[in-house]
Amino acid sequence: MNYKNKNLEELGKKINNLNNQNKPDIKKKESGAGFGFKISTEIIAALVVGVGIGLIVDNYFNTKPIGLIIFFIFGALAGFLNVYRVMRRIEKQR
Amino acid sequence: MAAKDSPLKQFEIDPISNIELGGYNISFTNSSFAMLITVLVITLFLTLTVNTRSIIPSRMQLISELMYNFIAQLLSDTVGDNGKRYFPFVFSLFMFVLIGNMVGMIPYQFTFTSHIIVTFALAAVVFIGVTILGFINHGIKFFTFFYIPGVPFYMHPLLIPIEVISYLSRPISLSVRLFANMLAGHTLLKVFAGFVVSMPFFTGVFPLAFIVALTGLEILIAFLQAYVFAILTCLYINDAYHLH
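Order-wise, the sequence lines are chains V and R.
Residue numbers for the first sequence follow my numbering, so the first one is 1 and each next one is one higher.
Residue numbers for the second sequence follow my numbering, so the first one is 1001 and each next one is one higher.
Put into structure tokens, the structure is as follows:
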């Protein structure tokens, strides 16, 4: 029984050591393509929403190009805001 | 559009049995079949492996506990103490996406996460749920989420629409990321698989070797995307609790 416990303790120590060794380099595995993809979807999503709202506004108020232009610009700005937030989150993780 | 041996053939929906209810087409398709398999795999795997409840876990039990701990840790890191009650939701979402991606990696098996309507439905559930949660927690004050303190007052007409659009773009970026990753990966696999047969002599070996490497990468991406989906859900839940 004693012998068994000792073995288990050693195993626990080993596992803890390995865990501590492996932890730091887990998050650096993300590829450049994945990173670019993340950023580009943020911009595209915001643009899609902006253009969508612009088209709906135009349809509703009969202001053909103006709503689209304004909300396209808002959408682009929101895209940059999204990218800024993602970058800040990544900076925090490091 | 997709011919018989097109790389896009794999994404075709084909109804296994045609069902129509009240004018809506609710056929049981190969996509639904893949989802059914996914749910069955998750349920069987989790219940069977944790069934023994041994103190020194078997390998399979260890995997289940690892997944449980992974999400529990994620929630407590991002949301804090409030996060515990959302564990069932985030865990089932994570497992559904993860096992769905993994089931899709089996040859000849349909990948339901490669359809934007599926991922968008998942993201919409998260988005609507989080918005309702925000209103429950803060009432009408939830709208101050779009109001950034410490900005000159004349900037607000510009900033509030930007904030609103940024908020509305969340479900789209969440769903597009998962869907596009799976679509691109599976198309790439099939395109290179086409090269294996069409290249002369023994040179087909090179694309074959590439496919082997790419399959490993795809499994990594399958896991990574499920992780991203779960962590973003956690962050959005956190936003519903702590405005700014």
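Don't be surprised by glycine CBs; every beta carbon is placed ideally from N, CA and C.
Bear in mind that the values here come from a model prediction, so they are computed numbers and not experimental data.
Residue i to residue j span [Cα, whole Å]
i: K6 of chain V; j: I15 of chain V; result: 14 Å
i: V1097 of chain R; j: Y1108 of chain R; result: 19 Å
i: V1228 of chain R; j: I56 of chain V; result: 31 Å
i: T1233 of chain R; j: L1183 of chain R; result: 22 Å
i: A1209 of chain R; j: P1007 of chain R; result: 19 Å
i: G1150 of chain R; j: P1161 of chain R; result: 17 Å
i: T1187 of chain R; j: Y1086 of chain R; result: 35 Å
i: S1189 of chain R; j: L81 of chain V; result: Just to set this straight, residue 1189 of chain R is Leu in the shown sequence, not Ser. If you take the alpha carbons of L1189 of chain R and L81 of chain V, they lie about 35 Å apart.
i: Y1241 of chain R; j: F1135 of chain R; result: 10 Å
i: I1099 of chain R; j: I90 of chain V; result: 27 Å
i: I1055 of chain R; j: L1062 of chain R; result: 11 Å
i: T1052 of chain R; j: R1059 of chain R; result: 12 Å
i: L1243 of chain R; j: M1067 of chain R; result: 29 Å
i: L1133 of chain R; j: L1158 of chain R; result: 27 Å
i: F1201 of chain R; j: G36 of chain V; result: 37 Å
i: L77 of chain V; j: A33 of chain V; result: 23 Å
i: L1048 of chain R; j: T1131 of chain R; result: 36 Å
i: V1050 of chain R; j: V1041 of chain R; result: 14 Å
i: F1094 of chain R; j: I1128 of chain R; result: 18 Å
i: S1064 of chain R; j: T1043 of chain R; result: 11 Å
i: S1169 of chain R; j: N1238 of chain R; result: 17 Å
i: K13 of chain V; j: P1057 of chain R; result: 17 Å
i: T1226 of chain R; j: P1088 of chain R; result: Just to set this straight, residue 1226 of chain R is Ala in the shown sequence, not Thr. Computed Cα separation, rounded: 15 Å.
i: G1204 of chain R; j: E9 of chain V; result: 52 Å
i: T1113 of chain R; j: F1153 of chain R; result: 44 Å
i: F1091 of chain R; j: V1039 of chain R; result: 13 Å
i: Y1167 of chain R; j: G1083 of chain R; result: 21 Å
i: I1211 of chain R; j: F1045 of chain R; result: 29 Å
i: G1023 of chain R; j: T63 of chain V; result: 36 Å
Residue i in three-state terms, based on DSSP
i: P1015 of chain R; result: strand
i: N1025 of chain R; result: strand
i: D25 of chain V; result: Reliability of the predicted coordinates at D25 of chain V is poor, the pLDDT of 48 falling under 50, and the value obtained from them is presented with this limitation in mind. Helix, per DSSP.
i: M1001 of chain R; result: At M1001 of chain R, the pLDDT of 44 sits below 50, so the modelled position is not reliable and the matter cannot be decided from this model.
Contacting residues, own chain, Cβ-Cβ under 7 Å from residue i (five flanking each side not counted)
i: N1018 of chain R; result: S1027
i: D25 of chain V; result: For D25 of chain V, the predicted model reports a pLDDT of 48, less than 50, meaning its position is unreliable; a value from the coordinates is still stated below. Excluding residues within five positions, none has a Cβ falling inside 7 Å.
i: L1235 of chain R; result: T1078
i: F1223 of chain R; result: L1098
i: G1185 of chain R; result: E1218 and I1221
Chain-order list of residues whose beta-carbon lies under 6 Å from that of residue i (same chain, five-residue window excluded)
i: S1123 of chain R; result: Here the sequence assigns Ala to residue 1123 of chain R, which means Ser is not the residue at that position. For A1123 of chain R, where only same-chain residues beyond five positions count, the Cβ hits under 6 Å are P1171, L1174 and S1175.
i: F1146 of chain R; result: I1160, E1163 and V1164
i: M1035 of chain R; result: F1112
i: F1179 of chain R; result: I1116 and T1119
Close-in-space but distant-in-sequence residues of the same chain around residue i (CB under 8 Å, 5 per side omitted)
i: I1231 of chain R; result: L1074 and T1078
i: I1219 of chain R; result: M1102 and M1105
i: I95 of chain V; result: The structure shown does not extend to residue 95 of chain V, since chain V is modelled only from 1 through 94, so no value can be given for it.
i: P1207 of chain R; result: F1192, A1193, F1195, V1196 and M1199
i: F61 of chain V; result: G67
(Q) Going residue by residue through the stretch 1027 to 1078 of chain R, where are the continuous beta strand (DSSP E) segments of at least 3 residues, counting only ones entirely within it? (A) You should have found no qualifying run.
Q: State whether the stretch 1118 to 1127 of chain R contacts the stretch 1136 to 1148 of chain R, with contact taken as three or more CB pairs (one from each stretch) at a distance under 8 Å.
A: no
Q. Should the stretch 1069 to 1078 of chain R be called in touch with the stretch 1010 to 1017 of chain R, which here means at least 3 C-beta pairs below 8 Å?
A. In this structure the stretch 1069 to 1078 of chain R does not lie against the stretch 1010 to 1017 of chain R, because fewer than three pairs of beta carbons, one per stretch, are closer than 8 Å.
Q. Taking three-plus beta-carbon pairs below 8 Å as touching, is the stretch 47 to 55 of chain V in contact with the stretch 65 to 74 of chain V?
A. Result yes; three or more Cβ-Cβ pairs closer than 8 Å.
Q. Counting pairs of beta carbons, one from the stretch 36 to 48 of chain V and one from the stretch 81 to 90 of chain V, are three or more of them closer than 8 Å?
A. In short, these stretches touch, since the Cβ pair count reaches three.
Q. Curious, which full-length alpha helix (DSSP H) runs of at least 4 residues does the stretch 1116 to 1188 of chain R contain?
A. 1116 to 1138 and 1156 to 1168
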